[in-house]
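**Q**
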Amino acid sequence: MSGLPPVEDLKAQMQAGVPGATVKVIPNGSPSAQHSLLLDNEHAAAVALFLRDHPDLRLDFCSLVTGVDWLDTETSEKVKVKKMVDGPDGTQQETEVEETRKTRHPGYLEAVYHLFSMEKKHGPVILRLRTANRTDQTHVPSLTPVWRSCEFQEREAFDLYGIVFDGHPDLRRILMWDGFVDFPMRRDYVPPADDILATEAHR
Amino acid sequence: MADDLKELKIELSKNGIFTTTLEEIYNWGRKNSVWPLTFGLACCAIEMIATTMARYDLARFGAEVFRPSPRQADLIIVSGTVTKKMAPQVVRLYNQMPEPKYVIAMGACAISGGPFRDGYNVLRGIDRYIPVDVHIPGCPPRPEALIHAFMTLQKKIDEQALRGPDRPRHLDADQPSEFPVPAFGEHGLEPPQNLDVFHHEPGNPLKVIQ
Chain A
1 MSGLPPVEDL KAQMQAGVPG ATVKVIPNGS PSAQHSLLLD NEHAAAVALF LRDHPDLRLD
61 FCSLVTGVDW LDTETSEKVK VKKMVDGPDG TQQETEVEET RKTRHPGYLE AVYHLFSMEK
121 KHGPVILRLR TANRTDQTHV PSLTPVWRSC EFQEREAFDL YGIVFDGHPD LRRILMWDGF
181 VDFPMRRDYV PPADDILATE AHR
Chain B
204 MADDLKELKI ELSKNGIFTT TLEEIYNWGR KNSVWPLTFG LACCAIEMIA TTMARYDLAR
264 FGAEVFRPSP RQADLIIVSG TVTKKMAPQV VRLYNQMPEP KYVIAMGACA ISGGPFRDGY
324 NVLRGIDRYI PVDVHIPGCP PRPEALIHAF MTLQKKIDEQ ALRGPDRPRH LDADQPSEFP
384 VPAFGEHGLE PPQNLDVFHH EPGNPLKVIQ
């Protein structure tokens, strides 16, 4: 179906078309092989315009915007370290000891865009934008100025995940009410324990 | 009614004399003209609509006139998922109905939250805010189940004594006819339930007292 170039070529085209933009291919190992393209937030709007207006691509329709919540992760690796250890005879000896080192990777929120071309009848091209973290720097640029159809869906991602879309014309909650403060689709969301019937027997 | 009066009534009817009481004829009229509110929330509403159409024909029970205004309705069929955002509107509609008024909670969602019970956005049963007369389980309940609930409600209306401690709410000045509308809070609805309506037995969370 797709008359699109492979993602690697697409990435090269995007980087050539928008000077300074960095695009990273995120491979999808499943049989669908829908690889996606991670944009840098600074050039995202320019890259989006490039994809929309390029005569061979003409990705004129954004069919879907969604959010993904990636929690903070911790990886541990075993490292062999040389250490001075008291030997059995009381003298100090140099031995190799295994240590586990834990590294913390900060989580982030992700906005995912699925693009199609009505004119060329091809697609999808999948774009990702990432926030710096999940707590205080949750900004990504809005692509609503490029594709009007993103407006409500970006509002939904803002409502349920707390992704703030800079440049969105009307960023308000869309499903929950205005006074609501939580982001219920985040993976660490805990619903209020206000139910008098919510006991062990009922869960 | 006392038993000897009942026997007298039967004896008189055998001789072609029809007698009644004001209570009987009043309740007979009420139970056969229960007009529901035109109101549906989710897929249960489709079953409710099907119940009113030719195949199941709710008109047989005097309930064919779905009123588009709560001011003219006697019954609200809460047919479907009550989201937390919708719950204040449901309570408000109920408050706008004149007494005597009745509530049927139709389907798993309306009676308990159903499959969405543990979600962030669904009320765990409309009986937390308004008094429900008949609960129908099912997802969604078939039209027969709604008709059964309707007949149960008719029986309930028919058996209401107009005097005494068990008299219906509209004849008891001390009973409320409106219930507080929940407000949108920072994390959910406030209050999460109206304890004047939602009676439960402490220590036995599965038992709800009517």
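Residue numbers (the numbering used here), protein chains in the order written: chain A, 1 to 203; chain B, 204 to 413. Every residue, glycine too, gets a C-beta built ideally from N, C-alpha and C.
Taking the straight line between their C-alpha atoms, what separation do you get for Pro31(A) and Arg58(A)?
**A** Cα-Cα distance, rounded: 26 Å.
**Q** With H, G and I counted as helix, E and B as strand and the rest as coil, what does DSSP make of Leu244(B)?
**A** Leu244(B) falls in the coil class under three-state DSSP.
**Q** Beta-carbon within less than 8 Å of Ser76(A)'s beta-carbon, same chain only, minus the 5 sequence neighbours each way: which residues are those?
**A** Correct list, in chain order: Thr100, Arg101, Lys102, Thr103.
**Q** CA-CA distance, Ile329(B) and Gln357(B)?
**A** Taking the straight line joining both Cα atoms gives about 21 Å.
**Q** Looking at chain B, which residues of the segment 174-185 of chain A have a Cβ within less than 9 Å of any of its Cβ atoms?
**A** So the close ones are Leu175, Met176, Trp177, Asp178, Gly179, Phe180, Val181, Asp182, Pro184, Met185.
**Q** Skipping 5 residues on each side, what residues in its chain have a beta carbon closer than 6 Å to that of Phe264(B)?
**A** Same-chain partners within the cutoff: Phe353.
**Q** Establish whether the CB of Gly391(B) and some CB of chain A are separated by less than 7 Å.
**A** For Gly391(B), the answer is yes, since a Cβ of chain A falls inside 7 Å of its Cβ.
**Q** What does DSSP give as the partner residues of Ile339(B) in its beta bridges?
**A** The partner list for Ile339(B) (beta bridge, DSSP) reads Met309(B).
**Q** Would you call the segment 122-139 of chain A and the segment 153-169 of chain A touching, i.e. three or more CB-CB distances under 8 Å?
**A** With a cut-off of 8 Å, the segment 153-169 of chain A and the segment 122-139 of chain A count as touching, because enough Cβ pairs lie within range.
**Q** Can you confirm whether Met1(A), when its beta carbon is compared against all beta carbons of chain B, has any partner nearer than 7 Å?
**A** Only weak support is given to the placement of Met1(A): the predicted model assigns it a pLDDT of 46, under 50, and the value that follows is read from those uncertain coordinates. No, Met1(A) lies away from the interface with chain B (no Cβ there is under 7 Å from its Cβ).
**Q** Should Glu110(A) and Arg130(A) be called a contact, given that it needs their Cβ atoms to be closer than 7 Å?
**A** For Glu110(A) and Arg130(A), yes; Cβs fall inside 7 Å.
**Q** Comparing alpha-carbon positions, which option in Asn230(B), Met251(B), Leu240(B) lies nearest Glu347(B)?
**A** It is Met251(B) whose Cα lies nearest to the Cα of Glu347(B).
**Q** With a cut-off of 7 Å, does the C-beta of Pro191(A) fall near any C-beta of chain B?
**A** Cβ-Cβ to chain B under 7 Å: yes for Pro191(A).
**Q** For the segment 139-171 of chain A, list the alpha helix (DSSP H) runs that are entirely contained and at least 4 residues long, ordered along the chain.
**A** Complete alpha helix (DSSP H) runs here, min 4: 150-161.
**Q** Please go through the same chain and pick out, in chain order, the residues whose beta-carbon is closer than 7 Å to the beta-carbon of Pro334(B), but skip the five residues on each side of it.
**A** Hits under 7 Å: Val306, Val400.
**Q** So what's Leu365(B) in DSSP terms, helix, strand or just coil?
**A** If DSSP states are grouped into helix, strand and coil, Leu365(B) belongs with coil.
**Q** Measure from the alpha carbon of Ile280(B) to the alpha carbon of each residue in Gly310(B), Lys287(B), Tyr259(B), then state which is nearest.
**A** Here the closest residue by C-alpha is Gly310(B).
**Q** Taking DSSP as the reference, what is the three-state secondary structure of Arg186(B)?
**A** Residue 186(B) lies beyond the residue range present for chain B, which begins at 204 and ends at 413; the question has no answer from this structure.
**Q** In whole angstroms, what separates the C-alpha of Leu225(B) from that of Gly388(B)?
**A** Distance between the alpha carbons of Leu225(B) and Gly388(B): 48 Å.
**Q** Does the structure place the segment 363-376 of chain B close enough to the segment 312-322 of chain B that three or more beta carbon pairs sit under 8 Å?
**A** Judged by Cβ distances under 8 Å, the segment 312-322 of chain B makes no contact with the segment 363-376 of chain B, as fewer than three pairs qualify.
**Q** Under a three-way DSSP split, which group does Lys288(B) fall into?
**A** If DSSP states are grouped into helix, strand and coil, Lys288(B) belongs with coil.
**Q** Would a C-beta distance cut-off of 7 Å place Asn230(B) and Ile350(B) closer than the cut-off?
**A** Not closer than 7 Å, so no.
**Q** Return the CA-CA distance between Ala257(B) and Leu38(A), expressed in angstroms with no decimal places.
**A** Going from the Cα of Ala257(B) to the Cα of Leu38(A) covers about 57 Å.
**Q** Going by beta-carbon coordinates alone, are Leu326(B) and Val285(B) separated by less than 7 Å?
**A** Cβ distance < 7 Å, so Leu326(B) and Val285(B) count as in contact.
**Q** Should Arg203(A) be labelled buried (16 or more other beta-carbon atoms within 10 Å of its own) or exposed?
**A** A caution first: Arg203(A) carries a pLDDT of 42, below 50, which makes its placement in the model too unreliable to give a value.
**Q** Quick check: is the beta carbon of Tyr323(B) nearer than 7 Å to any beta carbon in chain A?
**A** Interface residue, yes.
**Q** Helix, strand or coil: how does DSSP classify Lys102(A) here?
**A** It is a strand residue.
**Q** If you draw a straight line from the C-alpha of Phe382(B) to the C-alpha of Val146(A), how long is it?
**A** C-alpha separation (whole angstroms): 48 Å.
**Q** Under 8 Å by Cβ, that's how I've got Met176(A) and Gly67(A) pegged, so tell me the actual separation to the nearest angstrom.
**A** So it is not a contact: roughly 14 Å between Cβ atoms.
**Q** If we ignore side chains and look at the alpha-carbon of each, how far apart do Ile213(B) and Gly219(B) end up?
**A** Distance between the alpha carbons of Ile213(B) and Gly219(B): 10 Å.
**Q** Using Cβ-Cβ distances below 8 Å, what residues of the segment 286-306 of chain B are close to chain A?
**A** The segment 286-306 of chain B vs chain A, Cβ under 8 Å: Lys288.
**Q** Please classify Trp70(A): does DSSP put it in a helix, a strand, or coil?
**A** If DSSP states are grouped into helix, strand and coil, Trp70(A) belongs with the strands.
**Q** Decide if the segment 69-89 of chain A is in contact with the segment 115-128 of chain A; the criterion is three or more beta carbon pairs, one per stretch, under 8 Å apart.
**A** Counting Cβ pairs under 8 Å, fewer than three are found: no touch.
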